[in-house]
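Some notes on the structure that comes next.
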Amino acid sequence: MNKTTNTPAGEVDSKLEIENSLKRAIKDLAGLEIEPVVNVQQDLGKGDFSTNAAMIAFARVKGEGESGKKFNSPADLAETIIKKLQQSEVSSEFDKIETAAPGFINFWLSNDEIISQMKTIFEFDKTKKRISKELILEFGDPNPFKEPHIGHLRNLTLGESLARLFEFSGVKVIRANYQGDVGLHVAKALYGLLQNQKSHLRQGSGGQAKISAKGGSASGGKNQKLDGRTLEDKVSLLAEAYAAGTKAYDEDESAKKEIMSINKKIYSAIASAEANRQNDPEIYSLWQKGRDWSLDYFEILYEKLGIKYKSYYFESQTAPLGQVITEKNFPKVFEKNDGAIIFRGEKYGLHTRVFITSERHATYEAKDLALAILKDENYPKASSIIMTANEQVEYFKVLLKALEMVDKRIADKTKHISYGFINLKEGKMSSRTGNVISAFWLLEEVQKRIKKDFKEVPVEVLEHLAVGAVKWSMLRFSRESNISFSIEESIDLAGNSGPYMQYTFARIQSLLGKGKNTDFEANPVKNLDPQLLALGRLICQFEIHAKMAADKFSPNILTDYLFKLAQNFNAYYEKEKIIGTEKELEKLFVTKAVGKVIKKGLYLLGISSPEKI
RNA sequence: GCCUCUGUAGCUUAACGGAUAAAGCGCUGGUCUUCGGAACCAGUAAUGCGGGUUCGAUUCCUGCCAGGGGCGCCA
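Take the first sequence: its letter number 340 is residue 328 in our numbering, and every next letter is one higher.
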C-alpha cells in the first residue's frame, strides 16, 4: 500500500501522484487538459496537501462538463473529482479527501502513511541520491587585494547552501570561484603598495587592530608568518594600499596616469610573454605576492564557512581569451566605436557595453564571455549558474545576449541569479578600511558576544554557534531582498536564530540519550496520539520544502520550515513530559525524527549541529 | 532622462494568484517542583495611494508618490 516508502522523497511523490491522478480525473470529467498544482498545506488544520484545480477547471469549462454534464459550482466539480479520486489508487495514502469553500480539495495523509514516511527520515544518511544532472555553480567571486566583507559572507553562505540543496535533489554540483586578479582595482592596490613599500614592507604596520583568521589551515593557514608578518597584517596592508590607491586615483591626475600604466603592465605581463614580465619584474612580483596573500586569506574564510571549491578561475586567465573571442566575433556580434570594441545592447533594449577598451584591454564583459566558454570546455555536460549581487542583473542580461550571439548553446544553459545588498541597521560599523564590515571581524565579534553569556561553552562549539548565527541571519531572508543587517539581531540567541535551532537540536540529543528505548526497529511504533501526529505531519513536509528551496534558489523556504518545526517541537516539549512516561517510545520516535530533520536541514543551510552545547 | 528592483505591524522580515496576511524583536501580562529557561503561553499592531484584470490580488496590469540599483572604455 505504501508505494512511497521505498523512496526517501516520500511526500514529493505523494504530491506528484495526486497531480497525475487529478489530471486524469479532470480530463475524464470535464474534458480538459490542465496541469493541476498541488501544494503542501501551511495550515495543518486543513490537511497535508491541497489543490485549487477544481476552481481553475470550473472557470475554464464554465460549468459545462464532458458530454453535457453540468457543474453548479467549483465545489460541485470538486466533489465529483473527489469521488473519482477515491476510486483510484492514490486514495490509499489518505484518510480523508474533502472539499473546502470555495472549491479547494484537501488531502489528509493516513496515520500509517505518516509513520512510514517518518521511518524513511531515519535513513537519510544511508540513502544514496541518484545523480541526474550536473551543474557548475559560480559564487563567492571575491576580488583579491580587497578584504573579505559582509557582502562576501552573504554570497558565500547563500552559494554553499544552494550547492547543498541542489545536491540533495540529485544534482552533481561543481563549486566554482572566479576571482578578479587583474583590473583597475588591482592596479590601485599595487600603486598604494609601491608608494608605501619602503616604510611598510620592512617595519610592519604596527598598531593595527588585529583581525583574526585563526583556526584556518588552508593553504595559507599553516605558514602565516612570512617575512616575519602575519597573513592578517599582510592583508590589511593590501586593504590600506587599495584605499590609498583609490583615493590617489580620484584626486591626483599624475597618480591616475601611473595607475593606468601599472594596469597596462599587468595586462601585458599576463597576456603572454616572459619578456613582458622581465620588463617590469618589480611590479609583476609584487602582483604575484599580493595575489597569493589575498587568496590564502580567502581560503581561511572558506574553510571557516565549510566551503570547498572544486574549480578556480581567474581574470588573468580569462582576459587574454576574452580578447581573442571578442575580436573573432567582430563584426558579426561586436562593433567598433572610438577605438573600443562594443556590444550594441540598445538594439535589444539593453545597455551598450564595452568589451575591449581603446587601450586594448579586455573588460569584465569580454572576460565573462571567455569564462563561459572555459567552463563549457571543462564541464561540457554541466549547466551553469552564476550568482552575484543584484547590482549586476542588467549587466548580465547584456552579457547573456552577447553570449547567445557568440554561442547559443552555451548561453542556453547559463543562468544568472542575484541576491540583495546588505545595509547596516546600526549605521557604519567600520572595519579599518572604511565603511564596510570585515567578514572576520563580524564572526569574531559574534563569537565574543556569545562567549560573554556562556562562558562554559567550549571554543569549538562557540565557533559553530557564531558561524551558525551569522549564516542563519543571512539565509532567513529571501534571496532577492536587500537586508538591513543588525549585528544585535544576528547574535540574538532567542527567537528565529541559528543558535535557537542548534540549541533545540542539542536538547533533543540529550533527551534521546536519556530514553530507555530508542530501538524503533525492534519496537515498531504503530500509533501516534493527535499531538505527536501533528508533529509527524510537519516532519513529513521536510523534503518538499528542501526541494522547493532548491527549485526557487531560496534557502529561506527551508529556514522558515525548520523554525516552525522547532517551535512546534519546543511547545510540545514544554507541555508534555517525555522521559519516563507511558508513551515514551512514541514520543522518542517523533523526537528523534525532529532531530534528524533539524540536523539535515541545518546541514543543507551549511550550518553544523553540535550534539552538545 | 531611460532601464530596473523595492514599498507589509513601532523595528527586521515571511507569504508557491488562494482559505483567518505568518514570524522574530519590542512592548504588556503570565509559566518556573528546568526530561537542557538559549524555553514556553497570552495580549498588542500591518499590505504606500488610486484604478483595472480575476470566483479570489501583498502577489498580475496601469497611473501616482517614496526609496535603492544600473546606464560604452571599473569590476
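Where is the CB? At the ideal position from N, CA and C, for every residue including glycine.
Where I109 is concerned, there is no enclosing beta strand (DSSP E), although the alpha helix (DSSP H) around it starts and stops at 99 to 109. In terms of CA proximity to N27, T39 leads the group R464, Q435, S104, T39. A distance below 7 Å between beta-carbons, with the five flanking residues on each side excluded, links F286 to the following residues of its chain, in chain order: P130, P136. Contact between the stretch 497 to 516 and the stretch 103 to 118 is present, with at least three C-beta pairs closer than 8 Å. In its chain, beyond the 5 residues on either side, A88, N94 have a beta carbon closer than 7 Å to the beta carbon of K34.
For V223, the closest C-alpha among the options D268, Y255, T234, I288 is that of I288. The three-state reading of DSSP puts Y488 in helix, counting H, G and I together.
Look at V170 here: in three-state DSSP terms it is coil, with no helix or strand label.
Excluding residues up to 5 positions away in sequence, R464, F551 lie with their Cβ nearer than 7 Å to the Cβ of N484 in the same chain. Around the beta carbon of N143, 16 or more other beta carbons lie within 10 angstroms, which makes this residue buried.
Counting of Cβ neighbours within 10 angstroms places I119 among the exposed residues, the total staying below 16. In the structure shown, D83 falls within a strand segment according to DSSP collapsed to helix, strand and coil. Counting along the chain, the unbroken alpha helix (DSSP H) around F428 starts and ends at 427 to 441. The alpha-carbon of K504 is positioned some 54 Å away from that of K401.
For S406, the uninterrupted beta strand (DSSP E) run begins and ends at 402 to 407, by DSSP. Taking all protein chains shown into account, N366 has fewer than 16 neighbouring C-beta atoms within 10 Å of its C-beta and is therefore exposed. Under the three-state reduction of DSSP output, A377 falls in the strand class.
Under DSSP, V28 forms a beta bridge with F37.
In this structure, W275 lies near I254, with their beta-carbon atoms less than 7 Å apart. When secondary structure is reduced to three states using DSSP, E148 falls in the helix class. With a 10 Å radius around the Cβ and a threshold of 16 neighbouring Cβ atoms, Y300 comes out exposed. Counting only runs of 4+ residues, the alpha helix (DSSP H) found wholly inside the stretch 463 to 545 occupies 475 to 478, 486 to 502, 518 to 527, 530 to 539, in chain order.
If you check the CB distance, A175 and A229 do not come in under 7 Å. Within the same chain, K324, I329 come within 8 Å of F318 by CB-CB distance, once the 5 residues on both sides are set aside. Across the structure, Y560 and Q519 are spaced so that their CA atoms are roughly 8 Å apart. Between the alpha carbons of N544 and K3 lies a distance of about 21 Å. Judged by their CB atoms, L219 and F133 are not nearer to each other than the 7 Å cut-off. Distance from the CA of Y591 to the CA of R152, rounded to the nearest whole angstrom, comes to 8 Å.
Between A390 and L362 the beta-carbon gap is near 16 Å, outside 8 Å, which marks them as no contact.
Exposed is the label assigned to A482, since fewer than 16 other Cβ atoms lie within 10 Å of its Cβ. Around the C-beta of R48, fewer than 16 other C-beta atoms lie within 10 Å, and the residue is accordingly described as exposed.
Closest in alpha carbon position to E23, among I344, E7, E122, Y179, is E7. Annotation: F577 is outside any beta strand (DSSP E); the continuous alpha helix (DSSP H) that includes it extends over 572 to 593. For the pair L450 and V386, the CB atoms are not nearer than the 7 Å cut-off. Counting other Cβ atoms within 10 Å of its Cβ, P512 stays below 16 and is therefore classed as exposed. Ranked by Cα distance from F343, the options K335, Q435, Y336, K355 are led by K355.
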